């Protein structure tokens with residue numbers, strides 16, 4: 003009888019210790035979040051500079067990747083430079099709202115040391131024969147994409163025309 007009571011009391015002590023550790027962990031995670039929020043508020047200028055650098059790199063790379071004609075490419079880069087102040091406002095708001103929590107979650111994940119879940123390898127049949135219907139859809143998609151590029155180019159030309167005539 004005493005061994006049963008002793009084992010149950012040991013289990014109870016272990017459970018209490020585990021709960022105390024979990025509470026301490028959650029409290030520390032909250033502290034990390036508050037510290038990151040404070041850091042973002044205090045170092046707002048640094049965050050703005052980081053976002054500016056990322057915008058410059060990302061906008062140029064995206065335009066180079068997605069827009070082929072040279073003239074249209076230069077126009078889009080000009081527009082990207084002009085839209086930077088709007089991006090800065092929106093990005094700073096998003097950064098302040100989301101990044102401290104995202105960074106806290108990521109850091110917490112790094113220190114939990116959970117064992118990765120093993121997934122069974124999946125066998126994929128790579129011999130998929132495209133149907134004639136799928137080929138027709140692919141051709142239609144290519145045609146529509148070319149039309150969108152043409153319309154986007156025309157829109158940009160019209161915008162640039164009106165911008166130059168209004169000054």
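Residue numbers (the numbering used here): 3 to 169.
Cβ coordinates follow ideal geometry from the N, Cα and C atoms, glycine included.
None of the values given here were measured: they were computed from a predicted structure.
Please list the terminal residues of the continuous alpha helix (DSSP H) segment that includes residue 114. As a first step, residue 114 is located in the chain shown; it is residue number 112 there, counting from the start. Residues 86 to 114.
How many angstroms separate the CA atom of residue 79 from the CA atom of residue 111? Within the chain shown, the letter at position 77 stands for residue 79. Within the chain shown, the letter at position 109 stands for residue 111. Approximately 38 Å, taken between the alpha carbons.
Compute the beta-carbon to beta-carbon distance between residue 97 and residue 49, rounded to the nearest angstrom, for a pair I have assumed lies under 8 Å. Against the chain shown, residue 97 aligns to sequence position 95. Against the chain shown, residue 49 aligns to sequence position 47. With a Cβ gap of about 6 Å, residue 97 and residue 49 count as contacting.
Where does residue 148 fall in DSSP's three states? As a position in the chain shown, residue 148 is number 146, starting the count at 1. Helix.
How would you write the range of the alpha helix (DSSP H) that residue 63 sits in, first residue to last? Numbered from 1 along the chain shown, position 61 holds the residue referred to as residue 63. Element bounds for residue 63: 46 to 68.
Rounding to the nearest angstrom, what Cα-Cα distance links residue 91 and residue 47 in this structure? Here the question's residue 91 lines up with position 89 in the chain shown. Here the question's residue 47 lines up with position 45 in the chain shown. Answer to the nearest angstrom: the Cα atoms are 12 Å apart.
Out of curiosity, what's the CA-to-CA distance linking residue 60 and residue 119? The residue you call residue 60 lines up with position 58 of the chain shown. The residue you call residue 119 lines up with position 117 of the chain shown. Whole-angstrom Cα-Cα distance: 34 Å.
Which residue from 99, 117, 75, 133 puts its Cα closest to that of residue 151? As a first step, residue 151 must be located in the chain shown, where it is residue number 149. Measuring from the Cα of residue 151, the nearest candidate turns out to be 75.
Using a Cβ-Cβ cut-off of 7 Å (strictly less than) and excluding sequence neighbours within five positions of residue 103, which residues of its own chain qualify? Working through the chain shown from its first residue, we reach residue 103 at position 101. For residue 103, the CB contacts under 7 Å within the same chain, skipping 5 residues up- and downstream, are 35 in chain order.
Could you check how far apart the C-beta atoms of residue 69 and residue 82 are, in whole angstroms? I think they sit under 8 Å. Residue mapping note: residue 69 aligns to position 67 of the chain shown, counting from 1. Residue mapping note: residue 82 aligns to position 80 of the chain shown, counting from 1. With a Cβ gap of about 11 Å, residue 69 and residue 82 do not count as contacting.
Do residue 32 and residue 57 have their CB atoms nearer than 8 Å? Along the chain shown, one-based indexing puts residue 32 at 30. Along the chain shown, one-based indexing puts residue 57 at 55. Taking 8 Å as the cut-off, the beta carbon of residue 32 is found no closer than this to the beta carbon of residue 57.
If you count every other CB in all the chains shown that lies within 10 Å of the CB of residue 121, and 16 or more means buried, which is it? Stepping through the chain shown from its first residue, residue 121 is reached at position 119. Residue 121 comes out exposed.
Roughly how many angstroms lie between the CA atoms of residue 12 and residue 18, to the nearest whole one? Translated into the one-based positions of the chain shown, residue 12 becomes position 10. Translated into the one-based positions of the chain shown, residue 18 becomes position 16. Taking the straight line joining both Cα atoms gives about 10 Å.
With 16 other CB atoms within 10 Å as the buried threshold, where does residue 167 fall? Counting from 1 along the chain shown, the entry for residue 167 is found at position 165. By the neighbour-count rule (16 or more Cβ atoms within 10 Å), residue 167 is not buried but exposed.
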